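Straight run, no breaks: the sequence shown in my numbering ends on number 604.
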Amino acid sequence: MKVIIVGTGIAGLSLGYFLKQAGVEVVFFDQANLTGGSSAKAAGLVTLQLRRPLDIQAVRESLAFYRLVEEKSQGIFRYRKTGLLWLARSPEAVTLLYEAYRVQRDLEVPVEYKDGPVPAAPPGLLGILGSTYCPADGYVNPYAVGYALYTYFRHTGTPVRLLEKVTGLKTRNGRVTGVIVNGRESVEADRVVLCTGVWTAKRLKEWLSLPLPLVPYRAQAASLQSSTLEGPALYDLDTGIYLVPEQAGQWIVGNGTQLVPQDPDGYKEGPDPEFYDHVSETLSTFMPMVATEARLGHGWAGLLAGTPDQSPLLGPYPGVDGLVIAAGFNGSGIMRAPGMMRWLSEWIISEKPLPPQVRVDRFSDLAMTFPLRPGFPATQKTPPPDE
Ligand SMILES: Cc1cc2nc3c(=O)[nH]c(=O)nc-3n(C[C@H](O)[C@H](O)[C@H](O)COP(=O)(O)OP(=O)(O)OC[C@H]3O[C@@H](n4cnc5c(N)ncnc54)[C@H](O)[C@@H]3O)c2cc1C
Numbered sequence: 218m219k220v221i222i223v224g225t226g227i228a229g230l231s232l233g234y235f236l237k238q239a240g241v242e243v244v245f246f247d248q249a250n251l252t253g254g255s256s257a258k259a260a261g262l263v264t265l266q267l268r269r270p271l272d273i274q275a276v277r278e279s280l281a282f283y284r285l286v287e288e289k290s291q292g293i294f295r296y297r298k299t300g301l302l303w304l305a306r307s308p309e310a311v312t313l314l315y316e317a318y319r320v321q322r323d324l325e326v327p328v329e330y331k332d333g334p335v336p337a338a339p340p341g342l343l344g345i346l347g348s349t350y351c352p353a354d355g356y357v358n359p360y361a362v363g364y365a366l367y368t369y370f371r372h373t374g375t376p377v378r379l380l381e382k383v384t385g386l387k388t389r390n391g392r393v394t395g396v397i398v399n400g401r402e403s404v405e406a407d408r409v410v411l412c413t414g415v416w417t418a419k420r421l422k423e424w425l426s427l428p429l430p431l432v433p434y435r436a437q438a439a440s441l442q443s444s445t446l447e448g449p450a451l452y453d454l455d456t457g458i459y460l461v462p463e464q465a466g467q468w469i470v471g472n473g474t475q476l477v478p479q480d481p482d483g484y485k486e487g488p489d490p491e492f493y494d495h496v497s498e499t500l501s502t503f504m505p506m507v508a509t510e511a512r513l514g515h516g517w518a519g520l521l522a523g524t525p526d527q528s529p530l531l532g533p534y535p536g537v538d539g540l541v542i543a544a545g546f547n548g549s550g551i552m553r554a555p556g557m558m559r560w561l562s563e564w565i566i567s568e569k570p571l572p573p574q575v576r577v578d579r580f581s582d583l584a585m586t587f588p589l590r591p592g593f594p595a596t597q598k599t600p601p602p603d604e
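Pasting the structure below:
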């Protein structure tokens, strides 16, 4: 079997790995460079402290994947087990946190809960009503994992055609049979998988006039230097602000989410001044010591692929043979995509059914409109039923 994967973000690369391991012939195309889409913009946080069992299962599998890549990459990539604290500073956030904690505990996630700061919390935090901590959570550098996988594909003779844009799909009798590259070259395959992230709905519309409930929206992050902050990554449930330790004294701080649809081919890639103000104000409310000495540095904005229920859209596009979708990871593709791509690879190889919660055809109307929702699935007040 030959599969074309369009997109070399975390979804495309991890899917390619699982397919290649199973003996499938794989060819990649990306209009940009390796991990050049949203994956390059990610803060790289990986957490098991989610609320839906299926997401937790996916993250567990992603962690196994990252361990495997680490083992095989000869030092190119390392999963940094930093641990992650979730902080709740309002009674509503405590309720959310505790509900999620109970789900996690039932699934044997190594997580602890405390009314107030857990022992792993750094000193000097103010107003913490509840917190959880999981030592298995951590940080993935998306470039490093991308480069480690690229090295694997080079060694296995897998074509990774970067800076080559897919400009259309080839069809025969209603079946997708390949792609058109740079407007001139045709490449045939048994299946074409669109791992095209925030571009996916736009591309489907351009190429086949087909709808997909996927809307790009914007999030921001920046580097932060601090001489006093030490310890695990932090996530403030009340504001969605998170801090990830990248290396000694250097952190990534993020959120700045704007629930407004964006054009993936033209959005503001630099940060907004309001984002810096929001970070500074938030830090001064609960970590005043850090807020007085920390310095915010280079910032950036990227896009997240929003879907109606914040679960991705995976599997065959209904009614179009040969066309497979693998997009819509919202704000948590680094942590969820590798696990879910293993499931998709099994469907491609042996038709093992995908979980219904992630299948494209769970929506009967793919042209539906929906409100965008921020952040990780754990922050949803009313997550859709999982089972
Ligand atoms: C600021 C920010 C912080 C984030 N932090 C986290 C985090 O801490 N943890 C986490 O889990 N997730 C995080 N995310 C989300 C995460 O980045 C995404 O969910 C994930 O990267 C999506 O991966 P993907 O492979 O689906 O898409 P992408 O990485 O966007 O890959 C899609 C690829 O398709 C290519 N493409 C599109 N059209 C074509 C075409 N016509 N021809 C060829 N190639 C094409 C693009 O160039 C791109 O490389 C964050 C995102 C942002 C913006």
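Ideal placement from N, C-alpha and C gives every residue a C-beta, glycine not left out. Values in this document were obtained by computation on a predicted structure and should not be read as measured data.
Taking DSSP as the reference, what is the three-state secondary structure of residue 279?
helix
Less than 7 Å between the CB of residue 254 and some heavy atom of ligand 1, yes or no?
yes
Okay, do the region 359-370 and the region 327-347 touch, 3+ Cβ pairs below 8 Å being the bar?
no
Round the Cβ separation of residue 577 and residue 521 to the nearest angstrom and send it over; I've been treating them as touching at under 8 Å.
Rounded to whole angstroms, the Cβ separation of residue 577 and residue 521 is 18 Å, and the two are not in contact under 8 Å.
For the beta strand (DSSP E) holding residue 462, just list the boundary residues, first then last.
459-464
Give the C-beta separation of residue 427 and residue 417 to the nearest angstrom, bearing in mind that I take them to be a contact with Cβ-Cβ under 8 Å.
Here residue 427 is actually not in contact with residue 417; their C-beta atoms are around 11 Å apart, not less than 8 Å.
Cutting at 6 Å between CB atoms, please list the residues of its own chain near residue 489, excluding the five before and the five after it.
none
Please classify residue 389: is it buried, with 16 or more other beta-carbons within 10 angstroms of its beta-carbon, or exposed?
exposed
Report all residues from its chain with a CB closer than 6 Å to the CB of residue 411; omit the five preceding and five following residues, and keep chain order.
Only 223, 417 and 542 meet the Cβ criterion.
At 3 residues or longer, what runs of the beta strand (DSSP E) sit wholly inside the region 337-407?
347-351, 383-389, 392-398 and 402-405
For residue 437, does the three-state DSSP call read helix, strand or coil?
Here residue 437 sits in strand by DSSP.
Restricting to Cα atoms, I'd like to know which of 337, 442 and 378 is closest to residue 244.
378
Thinking C-alpha only, which one of 384, 392 and 472 is nearest residue 403?
Out of 384, 392 and 472, the CA that lies nearest to the CA of residue 403 is found in 384.
So, with DSSP's three-state summary, where would you put residue 284?
Helix.
If you draw a straight line from the C-alpha of residue 547 to the C-alpha of residue 480, how long is it?
15 Å
Across the region 358-367 and the region 250-260, are there enough close Cβ pairs to call them in contact, namely three or more that are closer than 8 Å?
yes
Could you compute how far the alpha carbon of residue 406 sits from the alpha carbon of residue 394?
6 Å
Counting Cβ pairs, one atom from each stretch, are 3 or more of them under 8 Å apart for the region 497-516 and the region 443-451?
yes
Can you tell which of 285, 260 and 299 has its C-alpha closest to the C-alpha of residue 465?
299
Cα separation between residue 325 and residue 558?
23 Å
Counting C-beta neighbours from all protein chains within 10 Å, is the total for residue 498 16 or more, i.e. buried, or is it exposed?
exposed
With contact counted as at least three CB pairs below 8 Å, one residue from each stretch, are the region 268-277 and the region 549-566 in contact?
Segments in contact, yes.
Where residue 337 and residue 304 are concerned, what is the direct C-alpha to C-alpha distance, given to the nearest angstrom?
12 Å
Comparing the CB of residue 221 with every heavy atom of ligand 3, is any distance shorter than 7 Å?
The model depicted lacks ligand 3 and carries ligand 1 instead.
Run the proximity test for residue 248: is its beta-carbon closer than 7 Å to any non-hydrogen atom belonging to ligand 1?
yes
Say the cut is 7 Å; is the CB of residue 549 nearer than that to a heavy atom of ligand 1?
yes
Could you check if residue 600 is buried or exposed, using at least 16 other CB atoms within 10 Å of its CB as the buried criterion?
The pLDDT assigned to residue 600 is 47, lower than 50, so where the model puts this residue is not dependable; a value taken from the coordinates is nonetheless given after this. So residue 600 ends up on the buried side.
Here's a check: name, in chain order, each residue in its chain whose Cβ is nearer than 6 Å to the Cβ of residue 604, leaving out the five neighbours to either side.
Confidence is the limiting factor: at residue 604 the pLDDT is only 38, short of 50, which leaves the residue's position unreliable, though a coordinate-based value still follows. Hits under 6 Å: none found.
Starting from residue 505, follow the beta strand (DSSP E) in both directions and report where the run begins and ends.
Not the beta strand (DSSP E): residue 505 falls in the alpha helix (DSSP H), residues 505-510.
For residue 246, which of helix, strand or coil comes out of DSSP?
strand
Is the distance from the Cβ of residue 496 to the Cβ of residue 439 below 8 Å?
yes
Using a 10 Å radius around the Cβ and a threshold of 16 neighbouring Cβ atoms, would you call residue 569 buried or exposed?
exposed
Give me the Cα-Cα distance between residue 472 and residue 442, rounded to the nearest whole angstrom.
Going by C-alpha positions, residue 472 is about 17 Å away from residue 442.
CB-CB under 6 Å to residue 341, same chain, minus the five flanking residues each way: which ones, in chain order?
506
If you check the beta carbons only, do residue 301 and residue 450 fall under 8 Å apart?
yes
Is DSSP giving residue 586 helix, strand or coil here?
coil
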